[in-house]
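**Q** Structure in structure tokens, see below.
2 protein chains.
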Amino acid sequence: MAETLTTAALTLKDIAREAGVSLATVDRVLHNRPGVRPDTVRRVREAIERNSFQPHVAAAELARGRARRFAFVMPSGPNPFMQQIEAYLGEMTAWLSARRLNVEMVTTDVFDASVLATSLEALSGDYDGVAVVALDHPTVRAAINDLVDAGTKVVTLVSDVPSSRRHHYVGIDNIAAGRTAGALVGRLVGGRSGKVAVVAGSQGLRDHAERIFGFNQVMASEFPDLSVLPVLEGRDEDARSEQLLARLLGRHADIVGLYNVGAGTQGVAKALSEAGRDKVVFVGHDVTALTRKLLLQGVMDAAISQNPGHEARAAVRVLLALARGEPILREQEKIRIDIVMRDNLP
Amino acid sequence: MAETLTTAALTLKDIAREAGVSLATVDRVLHNRPGVRPDTVRRVREAIERNSFQPHVAAAELARGRARRFAFVMPSGPNPFMQQIEAYLGEMTAWLSARRLNVEMVTTDVFDASVLATSLEALSGDYDGVAVVALDHPTVRAAINDLVDAGTKVVTLVSDVPSSRRHHYVGIDNIAAGRTAGALVGRLVGGRSGKVAVVAGSQGLRDHAERIFGFNQVMASEFPDLSVLPVLEGRDEDARSEQLLARLLGRHADIVGLYNVGAGTQGVAKALSEAGRDKVVFVGHDVTALTRKLLLQGVMDAAISQNPGHEARAAVRVLLALARGEPILREQEKIRIDIVMRDNLP
DNA sequence: CTCAAAATGAGTTGCGTACCTCAAAACACC
DNA sequence: GGTGTTTTGAGGTACGCAACTCATTTTGAG
Numbered sequence: 001m002a003e004t005l006t007t008a009a010l011t012l013k014d015i016a017r018e019a020g021v022s023l024a025t026v027d028r029v030l031h032n033r034p035g036v037r038p039d040t041v042r043r044v045r046e047a048i049e050r051n052s053f054q055p056h057v058a059a060a061e062l063a064r065g066r067a068r069r070f071a072f073v074m075p076s077g078p079n080p081f082m083q084q085i086e087a088y089l090g091e092m093t094a095w096l097s098a099r100r101l102n103v104e105m106v107t108t109d110v111f112d113a114s115v116l117a118t119s120l121e122a123l124s125g126d127y128d129g130v131a132v133v134a135l136d137h138p139t140v141r142a143a144i145n146d147l148v149d150a151g152t153k154v155v156t157l158v159s160d161v162p163s164s165r166r167h168h169y170v171g172i173d174n175i176a177a178g179r180t181a182g183a184l185v186g187r188l189v190g191g192r193s194g195k196v197a198v199v200a201g202s203q204g205l206r207d208h209a210e211r212i213f214g215f216n217q218v219m220a221s222e223f224p225d226l227s228v229l230p231v232l233e234g235r236d237e238d239a240r241s242e243q244l245l246a247r248l249l250g251r252h253a254d255i256v257g258l259y260n261v262g263a264g265t266q267g268v269a270k271a272l273s274e275a276g277r278d279k280v281v282f283v284g285h286d287v288t289a290l291t292r293k294l295l296l297q298g299v300m301d302a303a304i305s306q307n308p309g310h311e312a313r314a315a316v317r318v319l320l321a322l323a324r325g326e327p328i329l330r331e332q333e334k335i336r337i338d339i340v341m342r343d344n345l346p
Numbered sequence: 347m348a349e350t351l352t353t354a355a356l357t358l359k360d361i362a363r364e365a366g367v368s369l370a371t372v373d374r375v376l377h378n379r380p381g382v383r384p385d386t387v388r389r390v391r392e393a394i395e396r397n398s399f400q401p402h403v404a405a406a407e408l409a410r411g412r413a414r415r416f417a418f419v420m421p422s423g424p425n426p427f428m429q430q431i432e433a434y435l436g437e438m439t440a441w442l443s444a445r446r447l448n449v450e451m452v453t454t455d456v457f458d459a460s461v462l463a464t465s466l467e468a469l470s471g472d473y474d475g476v477a478v479v480a481l482d483h484p485t486v487r488a489a490i491n492d493l494v495d496a497g498t499k500v501v502t503l504v505s506d507v508p509s510s511r512r513h514h515y516v517g518i519d520n521i522a523a524g525r526t527a528g529a530l531v532g533r534l535v536g537g538r539s540g541k542v543a544v545v546a547g548s549q550g551l552r553d554h555a556e557r558i559f560g561f562n563q564v565m566a567s568e569f570p571d572l573s574v575l576p577v578l579e580g581r582d583e584d585a586r587s588e589q590l591l592a593r594l595l596g597r598h599a600d601i602v603g604l605y606n607v608g609a610g611t612q613g614v615a616k617a618l619s620e621a622g623r624d625k626v627v628f629v630g631h632d633v634t635a636l637t638r639k640l641l642l643q644g645v646m647d648a649a650i651s652q653n654p655g656h657e658a659r660a661a662v663r664v665l666l667a668l669a670r671g672e673p674i675l676r677e678q679e680k681i682r683i684d685i686v687m688r689d690n691l692p
């Protein structure tokens with residue numbers, strides 16, 4: 001009827017006694033300090049294992065004295081999604097200061113590899129952890145690896161650099177996101193046949209390219225009655241997206257679905273409404289003030305969302321766990337692909 | 347270019363100096379201990395506010411000495427969803443013991459108000475916090491209020507008792523969940539007209555009733571071409587659900603959609619397949635091993651899910667924050683209504 | 001003004017760890 | 001056996017707060 005999930009509360013002193021050594025030696029082993037014979041290390045490690053000893057987080061945190069410093073390297077310029085991440089970080093200030101954590105925002109041009117790399121190098125040594133919205137480029141990869149080598153914990157945020165030795169990636173699987181978008185468009189079109197338009201920022205961006213890849217995968221294999229038109233590159237700008245899409249709608253009367261891969265949503269919506277094509281199934285990304293409105297109006301049918309609040313908090317928690325040497329709760333920190341429709345708007 | 351999100355690290359000593367009182371007085375104010383003049387209380391509070399002082403969590407935790415005890419009161423009997431919650435709690439053991447938190451599972455018949463109330467009363471005094479999957483009944487409400495009055499922090503889990511004075515509810519808005527199911531069935535049916543079947547555990551269960559309410563709301567207002575058949579009460583049992591649904595399918599050849607409100611999924615799927623009605627749009631709840639398989643096979647079209655791992659962790663975090671007197675990160679602890687289709691299976 | 005009650009100050013101890021120093025012991029090598 | 005080096009022990013201090021005691025001051029009622 002009752003079952004406990006936790007073990008007895010041992011202390012380092014207990015471990016020392018168990019292993020037949022002094023506190024100092026246990027401390028040396030625990031912090032990988034030199035001057036302990038391999039055999040002794042083993043004995044201590046065994047005692048720790050045997051009792052599944054966990055250092056008391058609070059005591060450790062208190063004893064180390066100095067506060068931890070984390071940096072968030074984010075894109076400069078207005079980007080609603082990034083602004084949301086910043087806002088959610090702002091809501092954590094009480095939580096952060098109660099733990100004596102310093103989080104600093106550093107903005108830079110993340111789309112210029114050398115600028116981004118320089119910004120990253122500049123952080124070296126000063127920070128315990130860095131979260132970065134990264135461009136996947138050899139120069140950036142090298143900068144990340146340098147940080148890691150200097151002992152800084154590094155987390156990539158939203159956009160990954162899988163080839164680097166970053167400790168963790170906080171973000172979604174963009175291929176799966178594209179597949180989800182494809183499934184939604186296909187299903188919501190509901191058996192009709194016709195054409196599907198795709199508007200992206202640029203196919204050069206890793207996340208956009210991956211989404212398109214996943215989208216096409218699903219469309220090709222599961223919805224043969226729908227043909228995907230060539231991707232329009234709107235550069236995430238409203239005006240350009242609107243113009244390109246308006247022209248496309250004019251040329252094809254049988255467009256039944258639309259996938260907007262990135263931003264520029266305002267322009268896309270405008271092109272649709274001005275062409276009187278409200279029936280087109282419209283799937284896009286992210287829940288912002290705008291997409292929220294469009295969903296409620298029925299202009300957009302679904303949004304694929306990666307919870308920005310979750311991403312911000314996960315990045316902080318992961319950096320903290322890494323810095324403390326705690327295990328990461330993978331399940332907790334995994335960012336889900338949310339399907340948001342009018343009735344489950346968060 | 348760089349901006350800090352946290353304030354200087356003050357200590358209680360600083361606050362005492364600021365307020366012109368001694369450490370002892372600050373301590374009395376902070377812990378609502380008696381023997382401080384109202385005017386002095388005000389001065390101290392102001393100093394705390396003025397400097398937005400946050401007690402160092404680690405120091406406070408270390409100083410209080412004794413570990414905190416939390417109890418999870420869960421339904422006895424096999425229930426995959428509840429088992430998942432327990433499993434996720436189990437994955438947290440390292441996290442819990444590093445913070446010297448004791449979590450105990452207490453199983454009881456949560457569907458019998460007096461039994462549940464007795465179980466709750468039995469916990470009084472022994473625990474700092476209680477999470478309970480609660481039946482909404484006056485007896486239970488009273489038991490919860492008694493716990494609250496005794497100083498125990500109480501969180502309702504999955505199923506709420508809104509009329510009680512519980513500190514927090516960790517779970518989804520079931521009306522919105524039902525609405526979401528309705529929107530999905532309606533949209534995925536794709537313009538065809540016909541009938542829609544609804545299978546529930548019992549309309550006496552608050553969450554099931556709310557889901558059905560939301561479902562009907564959407565069907566009535568937005569999908570007039572679909573008519574909802576009377577609810578089948580399968581009592582969350584496979585055999586009974588299968589039998590009832592099989593009979594219904596036999597009587598109505600024009601069933602195009604199906605909403606399974608609770609468990610009994612196995613039986614529902616079997617009835618569908620044995621009647622050869624694979625084309626029926628099938629929307630249900632929760633991602634389990636079974637529903638995962640059905641989604642991958644294309645038998646189920648979508649599942650409405652409330653992330654059980656998130657619920658388990660949120661309950662612990664909320665209880666901890668309440669016990670510490672920390673603010674709750676509402677956005678973080680809010681449970682979302684997840685739409686899960688084949689391509690975004692977690 | 002007196003006296004008890006209330007309010008406040010001053011101080012102590014302990015929580016479990018990190019980090020440091022210094023001395024002592026064990027060891028390796030010739 | 002002596003030398004120098006490595007390994008280990010013993011102990012201390014600090015971190016910020018909770019919780020407590022006891023002495024002292026202030027306050028208010030009579």
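For the protein sequence lines, the chains are A and B, in the order given. Quick note on numbering: the first sequence equals residues 1 to 346 in the numbering used here. Quick note on numbering: the second sequence equals residues 347 to 692 in the numbering used here. By construction, the Cβ of each residue, glycine as well, lies at the ideal position given by its N, Cα and C atoms.
#1: I'd like the span of the beta strand (DSSP E) that includes A:Asp338, first residue to last.
#2: So B:Asp600 and B:Lys541 are in contact, right, with Cβ under 8 Å, and what is the actual spacing, rounded?
#3: For B:Gly411, is the classification buried or exposed, using 16 other Cβ atoms within 10 angstroms of its Cβ as the cut-off for buried?
#4: Establish whether the CB of A:Gln54 and some CB of chain B are separated by less than 8 Å.
#5: Chain B partners of A:Pro346, CB-CB under 7 Å?
#6: When the Cα atoms are used, what is the spatial distance from A:Ser227 to B:Val607?
#7: Tell me, to the nearest whole angstrom, how far the beta carbon of A:Val386 is from that of A:Val268; I am working on the premise that it is less than 8 Å.
#8: Quick check: is any heavy atom of the ligand GDP less than 7 Å from the C-beta of A:Gln83?
#9: If the cut-off is 7 Å on Cβ atoms, which residues from the stretch 302 to 319 of chain A count as contacting chain B, listed in chain order?
#10: Give a yes or no on contact between the stretch 506 to 514 of chain B and the stretch 473 to 493 of chain B, applying the rule of three or more CB pairs nearer than 8 Å.
#11: Quick test of the definition: if touching needs 3 or more C-beta pairs under 8 Å, does the stretch 495 to 505 of chain B touch the stretch 661 to 669 of chain B?
#12: Find out if the Cβ-Cβ distance for the pair A:Ile304, A:Thr180 is shorter than 8 Å.
#13: Thinking C-alpha only, which one of A:Arg99, A:Ala197, A:Ile212 is nearest A:Leu249?
#14: Which residues, in order along the stretch 77 to 110 of chain A, keep a beta-carbon less than 8 Å from a beta-carbon of chain B?
#15: Would you call the stretch 321 to 340 of chain A and the stretch 305 to 313 of chain A in contact, with 3 or more CB pairs under 8 Å?
#16: Looking at A:Val256 and A:Arg330, is the spacing between their C-beta atoms short of 8 Å?
#17: Give me whichever residues DSSP pairs with A:Lys195 in a beta bridge.
#18: Does the distance from the C-beta atom of A:Ala209 to that of A:Gln217 stay below 8 Å?
#19: Name the residue from A:Arg141, A:Arg33, A:Glu61, A:Ser273 whose alpha carbon lies nearest to the alpha carbon of A:Leu245.
#20: Which residue wins for smallest C-alpha separation from B:Arg398, given the options B:Glu432, B:Glu657, B:Leu356?
#21: In this structure, does DSSP put B:Glu672 in helix, strand or coil?
#22: Chain A partners of B:Ala621, CB-CB under 8 Å?
#23: Around the Cβ of B:Leu551, are there at least 16 other Cβ atoms within 10 angstroms (buried) or fewer (exposed)?
#24: What whole-angstrom Cβ distance do B:Arg396 and B:Asn448 have, given they're in contact under 8 Å?
#25: Could you say which of B:His598, B:Asp584, B:Glu583 lies nearest to B:Pro576 if we only look at CA atoms?
#26: When you compare each of A:Leu62, A:Val132, A:Glu222 to A:Met74 by their alpha carbons, which one comes out closest?
#27: Only counting runs of 3 or more residues, tell me where the beta strand (DSSP E) segments fall wholly within the stretch 84 to 108 of chain A, in order along the chain.
#28: Can you look up B:Asn606 in the DSSP assignment and give me helix, strand or coil?
#29: In whole angstroms, what is the alpha-carbon distance linking A:Arg100 and A:Val44?
#30: With 8 Å set as the bound, which would you pick, yes or no: does the beta-carbon of A:Ala323 sit closer than that to a beta-carbon of chain B?
#31: Given this structure, state the Cα-to-Cα distance separating A:Gly35 from A:Val57, to the nearest angstrom.
#32: Give the residues of chain B in contact with A:Pro327, contact being defined as C-beta atoms less than 7 Å apart.
#33: Out of A:Met300, A:Tyr127, A:Leu296, A:Val287, which has the shortest C-alpha to C-alpha gap to A:Lys270?
#34: At which residues does the alpha helix (DSSP H) containing A:Met219 begin and terminate?
**A** In short, the structure shows the following:
#1: Per DSSP, the unbroken beta strand (DSSP E) holding A:Asp338 starts and ends at 338 to 340.
#2: With 8 Å as the limit, B:Asp600 and B:Lys541 qualify as a contact, their Cβ atoms being about 5 Å apart.
#3: By the 10 Å Cβ count, B:Gly411 comes out exposed.
#4: Chain B, which has a Cβ nearer than 8 Å to the Cβ of A:Gln54, makes this yes.
#5: Chain B residues near A:Pro346: Arg682.
#6: Taking the straight line from one Cα to the other gives about 36 Å.
#7: Residue 386 of chain A lies beyond the stretch modelled for chain A, which goes from 1 to 346, so this question has no answer here.
#8: As far as ligands go, the structure on display features none, and thus does not contain the ligand GDP.
#9: Of all residues in the stretch 302 to 319 of chain A, only Gly309, Arg313 come within less than 7 Å of chain B when Cβ atoms are compared, listed by chain position.
#10: Short answer: they touch.
#11: The stretch 495 to 505 of chain B, when compared against the stretch 661 to 669 of chain B, does touch it at the 8 Å Cβ threshold.
#12: Contact: yes.
#13: The shortest C-alpha separation from A:Leu249 is found at A:Ala197.
#14: Residues of the stretch 77 to 110 of chain A with a Cβ closer than 8 Å to any Cβ of chain B, in chain order: Tyr88, Leu89, Gly90, Glu91, Met92, Thr93, Ala94, Trp95, Leu96, Ser97, Ala98, Arg99, Arg100, Leu101, Asn102, Val103, Glu104, Met105, Val106, Thr107, Thr108.
#15: Contact between the stretch 321 to 340 of chain A and the stretch 305 to 313 of chain A is present, because at least three Cβ pairs lie under 8 Å.
#16: It is not a contact, given that the beta carbons lie outside the stated cut-off.
#17: When beta bridges are read from the DSSP output, A:Lys195 appears opposite A:Ser227, A:Ile255.
#18: With respect to A:Gln217, A:Ala209 sits apart: the two C-beta atoms are not nearer than 8 Å.
#19: With distances taken between Cα atoms, A:Leu245 lies closest to A:Ser273.
#20: Correcting the residue type first, residue 398 of chain B is Ser in the shown sequence and not Arg. Ranking B:Glu432, B:Glu657, B:Leu356 by Cα distance to B:Ser398 puts B:Leu356 first.
#21: Per DSSP, reduced to three states, the secondary structure at B:Glu672 is coil, with no helix or strand assignment.
#22: The contacting residues do not exist; B:Ala621 stays about 22 Å from chain A at best.
#23: B:Leu551 comes out buried.
#24: Taking the Cβ atoms as the reference, B:Arg396 lies roughly 37 Å from B:Asn448, outside the contact range of under 8 Å.
#25: Nearest of B:His598, B:Asp584, B:Glu583 to B:Pro576, Cα basis: B:His598.
#26: In terms of CA proximity to A:Met74, A:Val132 leads the group A:Leu62, A:Val132, A:Glu222.
#27: Here the runs fully enclosed are 101 to 108.
#28: If DSSP states are grouped into helix, strand and coil, B:Asn606 belongs with the strands.
#29: Looking at the backbone, the Cα of A:Arg100 and that of A:Val44 are separated by about 31 Å.
#30: Residue contact check for A:Ala323 against chain B: no CB pair falls below 8 Å.
#31: For A:Gly35 and A:Val57, the distance between alpha carbons rounds to 25 Å.
#32: Per Cβ cutoff of 7 Å: Ala440.
#33: Among A:Met300, A:Tyr127, A:Leu296, A:Val287, the Cα nearest to that of A:Lys270 is on A:Met300.
#34: Where A:Met219 is concerned, the enclosing alpha helix (DSSP H) stretches over 206 to 222.
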